[in-house]
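Inspection log for the structure reproduced underneath, given as structure tokens.
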Amino acid sequence: MDLTGEFEARSYGGGATREATRLESLHLGDEFRQLALPPENAGGFTALLELPPTQAVNLLRFTDSPSSSSQAAAVTGISPPPLHSYGTLTFPSDSVLMDRAARFSTEHHQNGNVSGTSSLPSNSSVKTEPAETDSSQAVNNRSGKRKDSDKKAKSWTKKNKSSEENENLPYVHVRARRGQATDSHSLAERARREKINARMKLLQELVPGCDKIQGTALVLDEIINHVQSLQRQVEMLSMRLASVNPRIDFNLDTILASENGSLMDGSFNGTAMQVVWPHQVTETEQSYHHRQLQQPQQWPFDGLNQRAWGKEEDQDHGQ
Amino acid sequence: MHMQPTSSMKEEFLQKWQMGLQIYRPLIDNTSVSERRKAIKLSADVAMASLRRGTTCWSRALIQKTATEDNFLVRQMLSGIKAETLINKKLPKVMCHRKIVRRSKKILRRRKSRSAIEEVAAKARKLVKKKTQGLRNVVPGGEFMSNDVLLIQETLDYIVSLQTQVNVMRSIVDAAEAGSERTAYYLGKLKFAIEDG
Numbered sequence: 001m002d003l004t005g006e007f008e009a010r011s012y013g014g015g016a017t018r019e020a021t022r023l024e025s026l027h028l029g030d031e032f033r034q035l036a037l038p039p040e041n042a043g044g045f046t047a048l049l050e051l052p053p054t055q056a057v058n059l060l061r062f063t064d065s066p067s068s069s070s071q072a073a074a075v076t077g078i079s080p081p082p083l084h085s086y087g088t089l090t091f092p093s094d095s096v097l098m099d100r101a102a103r104f105s106t107e108h109h110q111n112g113n114v115s116g117t118s119s120l121p122s123n124s125s126v127k128t129e130p131a132e133t134d135s136s137q138a139v140n141n142r143s144g145k146r147k148d149s150d151k152k153a154k155s156w157t158k159k160n161k162s163s164e165e166n167e168n169l170p171y172v173h174v175r176a177r178r179g180q181a182t183d184s185h186s187l188a189e190r191a192r193r194e195k196i197n198a199r200m201k202l203l204q205e206l207v208p209g210c211d212k213i214q215g216t217a218l219v220l221d222e223i224i225n226h227v228q229s230l231q232r233q234v235e236m237l238s239m240r241l242a243s244v245n246p247r248i249d250f251n252l253d254t255i256l257a258s259e260n261g262s263l264m265d266g267s268f269n270g271t272a273m274q275v276v277w278p279h280q281v282t283e284t285e286q287s288y289h290h291r292q293l294q295q296p297q298q299w300p301f302d303g304l305n306q307r308a309w310g311k312e313e314d315q316d317h318g319q
Numbered sequence: 001m002h003m004q005p006t007s008s009m010k011e012e013f014l015q016k017w018q019m020g021l022q023i024y025r026p027l028i029d030n031t032s033v034s035e036r037r038k039a040i041k042l043s044a045d046v047a048m049a050s051l052r053r054g055t056t057c058w059s060r061a062l063i064q065k066t067a068t069e070d071n072f073l074v075r076q077m078l079s080g081i082k083a084e085t086l087i088n089k090k091l092p093k094v095m096c097h098r099k100i101v102r103r104s105k106k107i108l109r110r111r112k113s114r115s116a117i118e119e120v121a122a123k124a125r126k127l128v129k130k131k132t133q134g135l136r137n138v139v140p141g142g143e144f145m146s147n148d149v150l151l152i153q154e155t156l157d158y159i160v161s162l163q164t165q166v167n168v169m170r171s172i173v174d175a176a177e178a179g180s181e182r183t184a185y186y187l188g189k190l191k192f193a194i195e196d197g
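Protein chains in written order, with full-length UniProt numbering: chain A, 1 to 319; chain B, 1 to 197.
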């Protein structure tokens, strides 16, 4: 009599359709390309780079007014460039920056406010830094035009632009800072450095305990340690799972069903588990795309799988 | 934290991982613990990599690496077209032989002014280079990422995916271990009841 490891198979509840819709949301690149940033973004940082300094400063003055785009256009005499190409990225796995772009665009959708400082979400630490510099610049410019704040605006916007736009444009608009070489090589080198630094910052935020550390080498050390610890955890977890009663680790769908709710929170609630004796399993089984492979009465040697496996074994032995 | 594993990512990983494990199912009773561990890990790795649908360098490299250990599993887990292109494609040759480049750079290097500051800066740069090479060794496919920007981007994505994998696996393992304890408990009770008559 063998009663081990049979757990209640609750429904995965139309999981297939839910999966489909969720998977669609994973195709972030497509979604964002369709997002057209509103023209109020003309006052935004990316457009700032196109303008000569005095006009840029005037533009900053108008950041608080909702009709900034028209005013800005009047001031500068140019129409704001189409920004939808700047706000979205083609590098598909650059989910970080796509995230930021999405948040950027949604914020502007909601508030219609160009300054973007108040509208940035507080939980996004990546954005608070540019937000703070922007608000401080706005204050500075209102109090009086100063070259320093100009340069600050340029350097931040240059950084932002180089990190978000370089993948799209054939060449990069980079403004030289005070006292720096302007030949193409060092410019390119500097742009590259900016990119690397921007991404290193994101990495620092991702890896716990990295923000306090000064210096690239130590930060890299931490990152390497973090990756290695995650890889080791995967090894440990697979060892643990393998050591557990074998019926359980390969009978995941039954465990899963009871796990379904708690998995969403990322925490495990042990009391959700129930043990069901085998003769009850058939009654509780519901639609699930693995169901046809499962034969709870006899230990599951599914003909289909066995044949497929057999084929593979022949190939393996042949090698 | 700019990005956390989302629950949809976790769901998809779990589903794909399961699918991979199902492939090993007929062999369960005949395998040792280490073979089962390998099966679990390989399916988890392919599941994690397939979440990215071939858009990142590390995911492609990981799938190719797993394919050298279990070709059949990878073929089954990925849809037909993808499997062919990923597995049959030969691994790209290393872009540059670092040793050779380093040696020729040494030869070409002219004697610059050895001010103290420059020496320190040069040492710092060397250290950073060493660390980035260390990072390349850890991230799958890192040896082929000569571009530093790409390396960091890939690392970012890889860490997030690893986190997803660890979270989901930990939940399952906790469930399984708790379940087996409970089963053992119930088994004991049952046995006791039976023996009591």
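Glycine included, each C-beta is placed from N, C-alpha and C at the ideal position.
Note down the Cα distance separating Ser79/B from Arg53/B, rounded to an integer number of angstroms. 10 Å
Under 8 Å between C-beta atoms of Ile107/B and Leu73/B: no
Could you check which residue in Pro5/B, Lys10/B, Leu135/B and Glu69/B has the C-alpha nearest to that of Ala39/B? Glu69/B
Residue-chain proximity (Glu235/A, chain B), Cβ-Cβ < 8 Å: yes
Interface residues of chain A facing Gln64/B [CB-CB closer than 7 Å]: Under the 7 Å cutoff, chain A gives no residues; its nearest Cβ is about 17 Å from Gln64/B.
How long is the line joining the alpha carbons of Glu11/B and Ile172/B, rounded to whole angstroms? 12 Å
Mind pulling the alpha helix (DSSP H) runs of 4 or more residues that sit fully within the region 40-73 of chain B? 57-69
What distance in whole Å lies between the Cβ atoms of Leu51/B and Met9/B, which are believed to be in contact at a cut-off of 8 Å? 6 Å
CB-CB length for Leu151/B against Leu135/B, believed under 8 Å: 7 Å
For Met19/B, I'd like the list of residues in its chain whose CB is within less than 7 Å of its CB, leaving aside the five on either flank, ordered along the chain. Met77
Can you look up Val168/B in the DSSP assignment and give me helix, strand or coil? helix
Residues in the same chain with beta-carbon distance under 7 Å from Ala44/B, minus the five sequence neighbours each way, listed in chain order, please. Trp17, Gln165 and Met169
Tell me whether Tyr171/A sits in a helix, a strand or coil according to DSSP, three-state version. coil
So, with DSSP's three-state summary, where would you put Ser180/B? helix
Helix, strand or coil: how does DSSP classify Ser229/A here? helix
At which residues does the alpha helix (DSSP H) containing Gln4/B begin and terminate? That residue, Gln4/B, is in no alpha helix (DSSP H); it is neither H nor E in DSSP.
For the region 223-231 of chain A against the region 183-190 of chain B, do three or more pairs of beta-carbon atoms, one drawn from each stretch, fall closer than 8 Å, so that the two count as touching? no
Counting C-beta neighbours from all protein chains within 10 Å, is the total for Lys130/B 16 or more, i.e. buried, or is it exposed? exposed
Between Thr216/A and chain B, is the shortest Cβ-Cβ distance under 8 Å, so that the two count as touching? yes
Nearest-angstrom Cα separation, counted from Ile159/B out to Glu143/B: 17 Å
Nonlocal neighbours in the same chain, by C-beta distance under 6 Å from Ala181/A, ignoring five residues either side: none
Any idea if Glu154/B is buried or exposed, counting beta-carbon neighbours within 10 angstroms, 16 or more meaning buried? buried
Mapping the DSSP letters down to three states, classify Ala124/B as helix, strand or coil. helix
Find out if the Cβ-Cβ distance for the pair Trp58/B, Val138/B is shorter than 8 Å. no
Of the residues Pro208/A, Met239/A, Gln214/A and Gly215/A, which one's Cα is nearest the Cα of Asn225/A? Pro208/A
How big is the Cα-Cα spacing for Leu21/B and Ile63/B? 16 Å
Taking Ala191/A as the query, report the chain B residues whose CB atoms sit under 9 Å from its CB, ordered along the chain. Near Ala191/A there are no residues of chain B at all, since even the closest Cβ is about 10 Å away, more than 9 Å.
Between Ala61/B and Gly141/B, which are expected to be in contact by the criterion C-beta below 8 Å, what is the C-beta distance as a whole number of angstroms? 3 Å
Could you tell me how far apart the beta carbons of Asp148/B and Thr132/B are, in whole angstroms, since I believe they sit closer than 8 Å? 6 Å
Counting only beta-carbon atoms, is Lys189/B nearer than 8 Å to chain A? no
Quick one: which residues of the region 122-134 of chain B get their C-beta closer than 9 Å to a C-beta of chain A? List them in chain order. Ala124, Leu127, Val128, Lys130, Lys131, Thr132 and Gly134
Hey, out of Ser238/A, Arg177/A and Ile213/A, whose CA is closest to Glu194/A's CA? Arg177/A
Using the C-alpha atoms, what's the distance from Ala116/B back to Arg75/B? 57 Å
Take Leu14/B and list the residues in its own chain whose beta-carbon comes closer than 7 Å to its own, dropping the five residues that flank it on each side. Val168
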